[in-house]
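Engineer: Quick one: the structure is below, questions incoming.
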Amino acid sequence: MRTGSHYSVLHQERDLSSEISKQWHDDTLAVRAGFERSDVGEHAEPIYTTSSYVFASAAEAAARFSGKSPGNVYSRFTNPTVQTFEKRLAAMEGGEACIGTASGMAATSTLIFATLQQGDHMVVSNNLFGSTVNLFGKYPPKFGIDIDFVTGFDIADWERRIRPNTKYLYLETPTNPLMRLADIEAFAELAHAHGAELVVDNCFCTPALQKPLALGADIVVHSATKFLDGQGRCVGGAVVGSASLIEELTAYMRSAGPSMSPFNAWVFSKGLETLALRMKQHSINAMLVATALKSMPGIERVIYPGFPDHPDHELAKRQQRDFGGIVSFEFSGGREAAWALIDAVELCSITGNLGDARTTITHPATTTHGRLTQQQRDESGISEGLIRLAVGLEYPDDIAADIAHALGLSSA
Ligand SMILES: Cc1ncc(COP(=O)(O)O)c(C=O)c1O
Numbered sequence: 081m082r083t084g085s086h087y088s089v090l091h092q093e094r095d096l097s098s099e100i101s102k103q104w105h106d107d108t109l110a111v112r113a114g115f116e117r118s119d120v121g122e123h124a125e126p127i128y129t130t131s132s133y134v135f136a137s138a139a140e141a142a143a144r145f146s147g148k149s150p151g152n153v154y155s156r157f158t159n160p161t162v163q164t165f166e167k168r169l170a171a172m173e174g175g176e177a178c179i180g181t182a183s184g185m186a187a188t189s190t191l192i193f194a195t196l197q198q199g200d201h202m203v204v205s206n207n208l209f210g211s212t213v214n215l216f217g218k219y220p221p222k223f224g225i226d227i228d229f230v231t232g233f234d235i236a237d238w239e240r241r242i243r244p245n246t247k248y249l250y251l252e253t254p255t256n257p258l259m260r261l262a263d264i265e266a267f268a269e270l271a272h273a274h275g276a277e278l279v280v281d282n283c284f285c286t287p288a289l290q291k292p293l294a295l296g297a298d299i300v301v302h303s304a305t306k307f308l309d310g311q312g313r314c315v316g317g318a319v320v321g322s323a324s325l326i327e328e329l330t331a332y333m334r335s336a337g338p339s340m341s342p343f344n345a346w347v348f349s350k351g352l353e354t355l356a357l358r359m360k361q362h363s364i365n366a367m368l369v370a371t372a373l374k375s376m377p378g379i380e381r382v383i384y385p386g387f388p389d390h391p392d393h394e395l396a397k398r399q400q401r402d403f404g405g406i407v408s409f410e411f412s413g414g415r416e417a418a419w420a421l422i423d424a425v426e427l428c429s430i431t432g433n434l435g436d437a438r439t440t441i442t443h444p445a446t447t448t449h450g451r452l453t454q455q456q457r458d459e460s461g462i463s464e465g466l467i468r469l470a471v472g473l474e475y476p477d478d479i480a481a482d483i484a485h486a487l488g489l490s491s492a
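Set out below in structure tokens:
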């Protein structure tokens, strides 16, 4: 069963068992945490593709089903391969426990529907991934959970929306696609001063670049689909938090079922092993590409927190280990100019996903944020001329050359 804390000592590897009290470095946890070798003696993590588990007797089955005896029952709520991913990510985020979910959206909806009830209230950033805005706008209110949306990260604005029944402040930092940052420490203080909890979507930075829990946040949510996978293969998500929270979410998972598949969990666990290396290179490449974009005629504005002219540059330096792999840029020519560029690229992939080894190019206003109302897009600053580039691991000069060529700036 989910075991809660002590992630630094969870695996039973022979050669490291003497290290039982040692707190390993993040790089070691990313490679080693969460794996309990089976009797077969496999070196790499196996994939347990089983829907259920067998019991030695009817009495053992009864004890497992009732929770009196620990162990797996059914893969809707526990599976050893999924647990490896959960323990590894919890270790990397510095959380007590984690639960894997079918998607990033399933992570958010599991958190909300498992822990809130009629009469509760949330204060939520307007600058969230489009489906998260839709989820919050449409479904919790149906069940008597009130949501207040706030544009931007002005602490006083947020404080004004807090009520005695506010349970969560929910934000994404950096935001998608405009890369605005919230000061996690200040928001955690605000939440706690009012008896609420701070939830941070850490999808863009990942624990390799930002540790919301260490900065005071209570809960981290992830779309594992993005950088945790890193190669655009699987859809999944996760919630990281206290052992008691994850126990509550596991009970919901058992009843409601938005579970992560063991195959996907295996892919994500392998992705975590190289996460820090990839995030470092994504950040290097993004800085180089963003710098090249700045000098390209026709591009009005380049948005990257690594630039000193970005409004949140100082906060990014303080709060993040690096500036990340996402760069947005804007044309004054609106949708026509943005679409013309997207249609002309040859190397970059036209797709809504991000966090892939392959650079992806997206027009947020008509894709990822297309289901928002015009007013919501205007309030979030998502213009028709805005393009999001999720810079991949190709040679950065090739990525910049692809954009330059698409702009008609070179004949290559
Ligand atoms: C910041 C952020 N959070 C959550 C999600 C939702 O994740 P998923 O697509 O895995 O459901 C996304 C998807 O793009 C995202 O960008």
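Residue numbers (this note's numbering): 81 to 492. Heads up, the beta-carbon is just placed ideally off N, CA and C, and yes, glycines get one too. This one's a predicted model, so the numbers in the text were calculated from it and none came from an experiment.
Do E252 and ligand 1 come close, with the Cβ less than 8 angstroms from some heavy atom?
Structural biologist: True, at least one ligand heavy atom lies under 8 angstroms from that Cβ.
Engineer: Please check the pair F307 and T286, which I expect to be a contact at CB under 8 angstroms, by giving their CB distance rounded to whole angstroms.
Structural biologist: 5 angstroms
Engineer: Assign S101 to one of three DSSP states: helix, strand, or coil.
Structural biologist: Per-residue confidence for S101 stands at a pLDDT of 39, beneath the threshold of 50, marking its modelled position as unreliable; the derived number appears in the next sentence. Three-state DSSP puts S101 in coil, outside helix and strand.
Engineer: On the DSSP letters alone, give me the boundaries of the beta strand (DSSP E) that E277 sits inside.
Structural biologist: E277 to D281
Engineer: In its own chain, which residues sit with a C-beta less than 8 angstroms from the C-beta of G217, not counting the 5 before and 5 after it?
Structural biologist: I227 and F229
Engineer: Give a yes or no on whether the C-beta atoms belonging to V204 and A276 are separated by under 9 angstroms.
Structural biologist: Against a cut-off of 9 angstroms, the Cβ pair of A276 and V204 comes out as no contact.
Engineer: Secondary structure at A318, three-state DSSP: helix, strand or coil?
Structural biologist: strand
Engineer: Say whether the stretch 354-372 touches the stretch 455-466, bearing in mind that this needs 3 or more beta-carbon pairs closer than 8 angstroms, one atom from each stretch.
Structural biologist: no
Engineer: If we count Cβ pairs, one from each stretch, closer than 8 angstroms, do we get three or more for the stretch 135-154 versus the stretch 168-186?
Structural biologist: no
Engineer: Contact defined as beta carbons within less than 8 angstroms: I believe H302 pairs with A187. What is the distance between those atoms, to the nearest angstrom?
Structural biologist: 6 angstroms
Engineer: Output the boundary residues of the beta strand (DSSP E) element that contains R468.
Structural biologist: L466 to A470
Engineer: Run the CB neighbour count on G184, radius 10 Å, all protein chains shown included, and call it buried at 16 or more, exposed below.
Structural biologist: buried
Engineer: Considering only their Cβ atoms, is the gap separating G210 from R401 smaller than 9 angstroms?
Structural biologist: The criterion of a C-beta distance shorter than 9 angstroms is not satisfied by R401 and G210.
Engineer: Runs of 3 residues minimum, wholly inside the stretch 357-428: which ones carry the beta strand (DSSP E) assignment?
Structural biologist: 381-383 and 406-410
Engineer: Is the stretch 341-352 touching the stretch 409-429 in the sense that three or more CB pairs, one from each, lie closer than 8 angstroms?
Structural biologist: These segments do not touch.
Engineer: Closer than 8 angstroms to a non-hydrogen atom of ligand 1 - does that hold for the CB of G316?
Structural biologist: yes
Engineer: Sort A336, A370, S137 and V213 by Cα distance to T190 and report the nearest one.
Structural biologist: Here the closest residue by C-alpha is A336.
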